[in-house]
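2 protein chains.
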Amino acid sequence: MSTDLAATLDLDALHDRIDTVLADVLRRSPAGIPPQEDRVRELTGALNDFVLAPGKRIRPLLCVLGWHAAGGGQEEECLWRMAASLEVFHAFALIHDDIIDNSPTRRRRSSAHRAFAARHRARPDADAFGVHAAILLGDLALVCSDALMNSAGLSKRQRQAALPLVDAMRGELLMGQHLDLLATGRPTGDVDEAMAIARLKTAKYTIERPLHLGAALAGADRELLALCSAYALPLGEAFQLRDDLLGVFGDPARTGKPVLDDLRSGKATVLMALALRRAAPEQRSTLDALVGRADLQEEDAVRIRRILERTGARDTAESMITERYERALAALDTDLLAPPIAAALRQIAARAVIRTA
Amino acid sequence: MSTDLAATLDLDALHDRIDTVLADVLRRSPAGIPPQEDRVRELTGALNDFVLAPGKRIRPLLCVLGWHAAGGGQEEECLWRMAASLEVFHAFALIHDDIIDNSPTRRRRSSAHRAFAARHRARPDADAFGVHAAILLGDLALVCSDALMNSAGLSKRQRQAALPLVDAMRGELLMGQHLDLLATGRPTGDVDEAMAIARLKTAKYTIERPLHLGAALAGADRELLALCSAYALPLGEAFQLRDDLLGVFGDPARTGKPVLDDLRSGKATVLMALALRRAAPEQRSTLDALVGRADLQEEDAVRIRRILERTGARDTAESMITERYERALAALDTDLLAPPIAAALRQIAARAVIRTA
Numbered sequence: 001m002s003t004d005l006a007a008t009l010d011l012d013a014l015h016d017r018i019d020t021v022l023a024d025v026l027r028r029s030p031a032g033i034p035p036q037e038d039r040v041r042e043l044t045g046a047l048n049d050f051v052l053a054p055g056k057r058i059r060p061l062l063c064v065l066g067w068h069a070a071g072g073g074q075e076e077e078c079l080w081r082m083a084a085s086l087e088v089f090h091a092f093a094l095i096h097d098d099i100i101d102n103s104p105t106r107r108r109r110s111s112a113h114r115a116f117a118a119r120h121r122a123r124p125d126a127d128a129f130g131v132h133a134a135i136l137l138g139d140l141a142l143v144c145s146d147a148l149m150n151s152a153g154l155s156k157r158q159r160q161a162a163l164p165l166v167d168a169m170r171g172e173l174l175m176g177q178h179l180d181l182l183a184t185g186r187p188t189g190d191v192d193e194a195m196a197i198a199r200l201k202t203a204k205y206t207i208e209r210p211l212h213l214g215a216a217l218a219g220a221d222r223e224l225l226a227l228c229s230a231y232a233l234p235l236g237e238a239f240q241l242r243d244d245l246l247g248v249f250g251d252p253a254r255t256g257k258p259v260l261d262d263l264r265s266g267k268a269t270v271l272m273a274l275a276l277r278r279a280a281p282e283q284r285s286t287l288d289a290l291v292g293r294a295d296l297q298e299e300d301a302v303r304i305r306r307i308l309e310r311t312g313a314r315d316t317a318e319s320m321i322t323e324r325y326e327r328a329l330a331a332l333d334t335d336l337l338a339p340p341i342a343a344a345l346r347q348i349a350a351r352a353v354i355r356t357a
Numbered sequence: 358m359s360t361d362l363a364a365t366l367d368l369d370a371l372h373d374r375i376d377t378v379l380a381d382v383l384r385r386s387p388a389g390i391p392p393q394e395d396r397v398r399e400l401t402g403a404l405n406d407f408v409l410a411p412g413k414r415i416r417p418l419l420c421v422l423g424w425h426a427a428g429g430g431q432e433e434e435c436l437w438r439m440a441a442s443l444e445v446f447h448a449f450a451l452i453h454d455d456i457i458d459n460s461p462t463r464r465r466r467s468s469a470h471r472a473f474a475a476r477h478r479a480r481p482d483a484d485a486f487g488v489h490a491a492i493l494l495g496d497l498a499l500v501c502s503d504a505l506m507n508s509a510g511l512s513k514r515q516r517q518a519a520l521p522l523v524d525a526m527r528g529e530l531l532m533g534q535h536l537d538l539l540a541t542g543r544p545t546g547d548v549d550e551a552m553a554i555a556r557l558k559t560a561k562y563t564i565e566r567p568l569h570l571g572a573a574l575a576g577a578d579r580e581l582l583a584l585c586s587a588y589a590l591p592l593g594e595a596f597q598l599r600d601d602l603l604g605v606f607g608d609p610a611r612t613g614k615p616v617l618d619d620l621r622s623g624k625a626t627v628l629m630a631l632a633l634r635r636a637a638p639e640q641r642s643t644l645d646a647l648v649g650r651a652d653l654q655e656e657d658a659v660r661i662r663r664i665l666e667r668t669g670a671r672d673t674a675e676s677m678i679t680e681r682y683e684r685a686l687a688a689l690d691t692d693l694l695a696p697p698i699a700a701a702l703r704q705i706a707a708r709a710v711i712r713t714a
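Residue numbers (this note's numbering), protein chains in the order written: chain G, 1 to 357; chain D, 358 to 714.
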């Protein structure tokens with residue numbers, strides 16, 4: 001049994017299975033739109049392309065692991081549909097986020113609004129058209145993730161346990177997006193505020209809620225949900241801190257994301273808040289003058305990176321990651337989890353925190 | 358019993374009841390966001406203001422009428438929540454639609470993106486900020502309408518009957534929005550295409566699906582659903598044709614909507630398609646040169662209105678409305694409907710078609 005579970009919990013195999021499920025559910029009609037409807041094939045095709053582009057699938061993976069953490073046994077069809085629904089919902093979040101951040105790329109491809117604009121370059125209003133089509137594409141992804149949940153065939157018990165978590169997750173994400181929108185472009189030394197955004201957008205949305213959702217589908221009790229949180233919240237904060245560091249110090253060839261984006265948009269990250277809080281007056285003026293400039297160049301980034309290092313912000317962020325990573329791992333030292341599931345969660349944690357992309 | 362039903366079906370009383378329900382559900386937490394969460398009060402406050410601004414409430418009204426058409430009897434709590442969910446979903450659709458159409462106003466107030474921009478005028482990126490905040494506000498409305506459905510307490514039978522209709526309605530709306538986006542700015546003489554958009558965005562989304570939804574919640578059979586369609590689809594087309602006419606010939610003091618908006622954006626309405634199809638070469642050149650110009654002035658509108666009249670497009674649109682209105686009323690001549698419900702549906706039809714706002 002334990003060996004069976006270890007085989008079931010091979011993360012690469014689960015990842016492939018999730019990709020298969022996603023391709024399968026999207027091949028059928030996404031949200032009431034018949035796939036043979038030629039006139040909107042551009043929209044449905046764009047949704048398929050976006051969702052099926054290679055990705056980490058961390059939310060569906062955690063959902064399946066949550067199921068097994070709660071002793072769900074053989075995975076049921078409804079679990080796969082809910083896991084797929086999380087990934088399609090995430091497509092919604094990314095598509096709208098890329099519009100808001102004015103990001104030109106996503107997963108090494110053009111972002112959705114840029115791709116629409118390029119395909120309709122002949123229109124005089126191509127750029128605005130691209131944004132508008134991408135708003136609708138994000139909406140379609142959200143509606144499609146609902147349709148997947150609505151047709152998942154959940155039992156009454158599962159619905160009562162899972163749907164409030166889904167509603168909470170969505171509200172938390174949007175709350176985080178809104179706070180992020182307010183803070184972006186004008187980062188301050190308010191570390192707590194930056195951490196609050198990281199907690200909502202990443203710790204809860206990316207790690208805790210997907211794990212809770214899978215666990216709830218398998219009938220988890222409060223004790224297990226609390227254990228999931230004890231693992232997920234520090235891990236999620238560490239995951240976001242790693243993202244912040246990669247956004248400034250990362251290798252664009254590996255991250256697939258231009259390394260100047262976060263600095264140009266003036267993302268209010270914990271990393272930047274630490275630097276601003278500790279900066280000497282001259283360093284502070286440099287940061288204020290450069291961070292958030294749309295025309296920021298690599299030589300400006302070099303100056304900012306130097307300040308992030310000299311203020312100790314980079315080192316502090318690294319220690320915060322280590323401390324949180326260890327706290328997440330410590331939460332797994334419990335009899336509540338079968339050893340193979342604890343091992344899989346350790347592997348996920350390592351991937352989330354020790355990475356270059 | 359029949360007299361009781363007639364009292365129940367007083368449209369103004371129903372409208373007030375819907376407003377009460379909306380205020381009540383929004384006062385509690387919309388989607389997992391606690392109402393006391395100060396930092397996002399701007400977002401949740403904007404959602405409340407938008408949804409609670411005076412409106413026709415036609416979708417919730419039709420949902421309740423569908424319930425009674427199917428003999429649902431005393432309205433259940435779940436019906437009100439589903440009806441409210443339709444109105445909150447509609448807020449989502451309007452908020453994103455106003456961004457896409459670049460509409461400055463909605464219901465005599467600033468549209469959501471303009472209101473956000475005005476409140477954050479001190480930001481150097483106030484206009485972009487307004488659009489981005491409104492994207493999130495629309496998303497929140499959609500997530501909130503889901504949370505209302507998820508917590509409506511539907512029985513298994515109701516869920517199985519209603520949720521596929523909801524999914525279909527949402528897919529149809531987005532399909533209509535996408536076709537509308539593609540066609541706007543470059544209207545053609547393709548009357549069928551313009552009618553296809555009207556059918557998706559209005560006939561199905563605004564009239565048929567809300568009626569179906571209420572009827573399905575009360576256990577309607579296929580025969581009754583078909584009857585609802587026979588009434589709803591022609592009525593919805595007539596409703597949209599009336600909107601098209603008001604968008605060009607309406608009195609802005611009554612419609613609350615600048616009368617040049619449709620012409621400036623180049624809406625691909627059935628009315629415009631009729632004119633373009635019949636226009637003499639010189640009329641055609643005038644329409645091509647003026648319709649869709651962002652800087653179109655009242656004197657241009659006067660020239661366009663004259664062409665809409667001389668080509669007979671305006672008269673044809675009026676006859677199409679009359680023909681469809683009569684077809685909708687004829688569908689109500691059946692023993693399947695109790696007389697008070699048929700009377701209420703007749704009243705709704707008259708309000709939809711014979712109006713100045």
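Note that CB positions come from ideal geometry on N, CA and C, so glycine has one too.
Across which residues does DSSP place residue 502 of chain D in a beta bridge pair? None, per the DSSP bridge assignment.
Beta carbon of residue 111 of chain G: closer than 7 Å to some heavy atom of the ligand GDP? Ligands are entirely absent from the displayed structure, and the ligand GDP is therefore not among its contents.
How would you label residue 454 of chain D, buried or exposed, when you count the other beta carbons within 10 angstroms and need 16 or more for buried? buried
What residue range does the alpha helix (DSSP H) around residue 203 of chain G cover? First-last for residue 203 of chain G: undefined, no H or E at that position.
Short CB-CB distance (under 8 Å) between residue 95 of chain G and chain D: no
Of all the options G/312, G/209, G/168 and G/43, which has the alpha carbon lying nearest to the alpha carbon of residue 533 of chain D? G/43
Could you compute how far the alpha carbon of residue 588 of chain D sits from the alpha carbon of residue 110 of chain G? 45 Å
Under 8 Å between C-beta atoms of residue 624 of chain D and residue 541 of chain D: yes
Distance, residue 15 of chain G Cα to residue 341 of chain G Cα: 15 Å
Own chain residues within Cβ distance below 6 Å of residue 715 of chain D, not counting five before or after: What the structure shows of chain D is the stretch from 358 to 714, and residue 715 of chain D is not part of that stretch, so it cannot be assessed.
Buried or exposed for residue 223 of chain G, please, with buried defined as at least 16 other CB atoms from any protein chain shown within 10 angstroms of its CB. exposed
Going by the beta-carbon positions, is the gap between residue 273 of chain G and residue 194 of chain G smaller than 8 Å? yes
Minimum Cβ-Cβ distance from residue 373 of chain D to chain B less than 8 Å: No chain B appears in this structure, whose protein chains are G and D.
Would you check if the region 524-538 of chain D and the region 143-162 of chain G touch, i.e. whether three or more CB-CB distances between them fall below 8 Å? yes
Check residue 467 of chain D in the structure and name its three-state DSSP category. strand
Cutoff 8 Å: residue 358 of chain D Cβ touching any chain G Cβ: Note that residue 358 of chain D has pLDDT 46, beneath the 50 cutoff, so the model's placement of it is unreliable and the number below is only indicative. No - not a single Cβ of chain G is within 8 Å of the one on residue 358 of chain D.
Which residues of chain G have a Cβ atom closer than 8 Å to the Cβ of residue 489 of chain D, listed in chain order? 99, 100 and 181
Taking residue 58 of chain G as the reference, which of G/234, G/107 and G/210 has the closest Cα? G/210
Would you mind reading off the limits of the alpha helix (DSSP H) that contains residue 517 of chain D? 513-540
May I have the straight-line CA-CA distance separating residue 309 of chain G from residue 296 of chain G, to the nearest angstrom? 19 Å
Sequence-distant residues of the same chain with beta carbon closer than 8 Å to residue 424 of chain D, five excluded per side: 432, 436, 571, 572, 574 and 575
Keeping to the same chain, check which residues put their C-beta closer than 6 Å to that of residue 417 of chain D; ignore five residues upstream and five downstream. 375, 440, 443 and 444
Would you identify the three-state DSSP class for residue 255 of chain G, choosing helix, strand or coil? helix
What residues in the region 213-243 of chain G have a beta carbon less than 9 Å from any beta carbon of chain D? none
Would the beta-carbon of residue 681 of chain D fall within 8 Å of that of residue 565 of chain D? no
Hey, could you find the ends of the alpha helix (DSSP H) residue 229 of chain G is sitting in? 222-249
Look up residue 105 of chain G in the DSSP assignment and give the residues it is bridged to. G/110
On the CB-based measure, 16 or more other CB atoms within 10 Å of its CB, does residue 45 of chain G come out buried or exposed? exposed
At least 3 beta-carbon pairs within less than 8 Å: the region 242-259 of chain G vs the region 298-308 of chain G: yes
Mind checking whether residue 555 of chain D and residue 515 of chain D have CB atoms under 8 Å apart? no
Short check: CB of residue 50 of chain G to CB of residue 99 of chain G, under 8 Å? no
Taking residue 558 of chain D as the query, report the chain G residues whose CB atoms sit under 7 Å from its CB, ordered along the chain. By Cβ distance, chain G contributes nothing, its closest Cβ being about 12 Å from residue 558 of chain D, past 7 Å.
At a CB distance below 7 Å, what residues from the region 138-154 of chain G approach chain D? Give them in sequence order. 139, 140, 142, 143, 146, 147 and 150
Is residue 354 of chain G buried or exposed, if buried means 16 or more other CB atoms sit within 10 Å of its CB? exposed
For the alpha helix (DSSP H) holding residue 657 of chain D, just list the boundary residues, first then last. 655-667
Could you tell me whether any Cβ in chain G is nearer than 8 Å to the Cβ of residue 708 of chain D? no
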